[in-house]
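Notes follow once the structure below has been shown.
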Amino acid sequence: RGWVAGWCLLRQCTMAANQTLYVNNLNDKINVETLKKSLREVFAAFGGIIDIIAMKSLKRRGQAWIIFKEVSAATNSLKSLQGFPFYNKPMRIAYAKTKSDVVAKADGTYVERPKKIVKREDLRKKTTNVAHAPPEIKTVSTPAPAASQKSIQDRIGWNPNQTSTKSATAGGGKPAEPNRTLFVENLPPEATDTMLSMLFRQYPGFQEVRLIPGRNVAFADYQNEYQAGMAMQGLQSFEMTPDVRLQLSYARK
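Numbering (the numbering used here), first residue to last: 18 to 270.
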């Protein structure tokens, strides 16, 4: 997450805090409406949202603008969700360069932008260039063989029969036997089912996550104990926020 933090720190230094956040590095294979709905579920934990803008065009894919009602809500979500894995890609978040139209209209500072005039010669040139463009050559790539459970374990150096120190000490007693369900502790108050699903679905075999209201804990289910162990290895002590690190262990049966 270091490069994400570096990029965002550089951008934040040049952008004044405001109600609108610019989010990029989003998964551009996700349907726009699904993307907007998921973004709303994640960001709404920090405050009221006026609007979310995401577009289908090639130039705008993988980006979104989140417009909050309050600057404080935008700031809190920026700090808490920086680098958060959203559909398997870490989000890059910064304050937007300019005030969004909806905010400008509300505070009376909106100025209509001049419309871009396209000259007839430019259109002709564009058509000529397209006509003379070389035909696209389609190549058929052979899909890489799917990594086996064993090869994934070898790559991360994980032993399914070995639990981490945090896992063994969680709860104070004898650690639970490895099984397909993880017990997740030390969640921040703003955690939601959607946020946790985004986090745990990065690992193979994910099925569902169940957040226990008011207790800052959750359960995450995988297809088998090996997959649950990989997720625990990868997410142990994960920083949900700068001040909160996850604690994971196998759930007691």
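For glycine and all other residues, C-beta sits at the position ideal for the given N, C-alpha and C.
Only a predicted model underlies this, so the values are computations on that prediction, with no experimental measurement involved.
Nearest to residue i (by Cα), restricted to the options the options
| i | options | result |
| --- | --- | --- |
| D45 | F255, F60 and N105 | N105 |
| T115 | K53, T92, M32 and E87 | M32 |
| D118 | E129, E202 and Y112 | E129 |
| R280 | N93, S94 and V201 | The chain is shown only over 18 to 270; residue 280 falls outside these bounds and no answer can be derived. |
| K191 | V49, R269, I67 and S74 | R269 |
| F223 | D238, A91, F63 and R109 | D238 |
| N93 | P230, G231, F63 and R227 | F63 |
| G79 | E225, V120, I110 and L228 | I110 |
| N233 | R227, N203 and M108 | N203 |
| K122 | M108, L98, Q99 and I67 | I67 |
Any non-hydrogen atom of the ligand GDP within 8 angstroms of residue i CB
| i | result |
| --- | --- |
| S254 | Absence of the ligand GDP from the depicted structure is noted, as is the absence of any ligand whatsoever, leaving it without description. |
Short Cβ contact (9 angstroms threshold) for residue i with residue j
| i | j | result |
| --- | --- | --- |
| L52 | L43 | yes |
| F101 | M212 | yes |
| V59 | T209 | yes |
| F103 | L56 | yes |
| E50 | G65 | no |
Residue span of the alpha helix (DSSP H) that contains residue i, given as start and end
| i | result |
| --- | --- |
| Y243 | E242 to L252 |
| R109 | Looking at the DSSP string, R109 is not in any alpha helix (DSSP H); the run it does join, the beta strand (DSSP E), is R109 to Y112. |
| N41 | Unbroken run through N41 is the beta strand (DSSP E), T37 to N41; no alpha helix (DSSP H). |
| E58 | V49 to F60 |
Delimiting residues of the beta strand (DSSP E) encompassing residue i
| i | result |
| --- | --- |
| F85 | A81 to F85 |
| K257 | This sequence places Met at residue 257; Lys is not what is there. E256 to T258 is the extent of the beta strand (DSSP E) around M257. |
| F4 | Here the chain comprises residues numbered 18 to 270, so residue 4 is not present and cannot be evaluated. |
| F236 | V234 to Y239 |
Cβ-based neighbour list, residue i, same chain, cut-off 7 angstroms, excluding 5 preceding and 5 following
| i | result |
| --- | --- |
| I70 | A81 and W82 |
| A235 | V201, L204, L213, V226, R227, L228 and I229 |
Neighbourhood of residue i by C-beta, 8 angstroms cutoff - its chain only, sequence neighbours within 5 removed
| i | result |
| --- | --- |
| K96 | T258 and P259 |
| A113 | M32, N35, T37, L38, Y39 and W82 |
Contacts around residue i, its chain only, beta-carbon distance under 6 angstroms, and the 5 residues preceding and following it disregarded
| i | result |
| --- | --- |
| N178 | With a pLDDT of only 42 at N178, under the threshold of 50, the placement of this residue in the model should not be trusted; the figure read from the coordinates follows. Cβ within range, chain order: n/a, list empty. |
| A90 | F63 and G64 |
| S77 | Reading off the sequence shown, one finds Arg at residue 77, where the question assumed Ser. None. |
| A193 | Y267 and R269 |
Quiz item: Quick one: any contact between the region 246-265 and the region 211-226, if contact means 3 or more CB pairs under 8 angstroms?
Solution: yes
Quiz prompt | Inter-stretch contact (C-beta, 8 angstroms, three-pair minimum) for the region 190-204 and the region 235-245 | solution = yes
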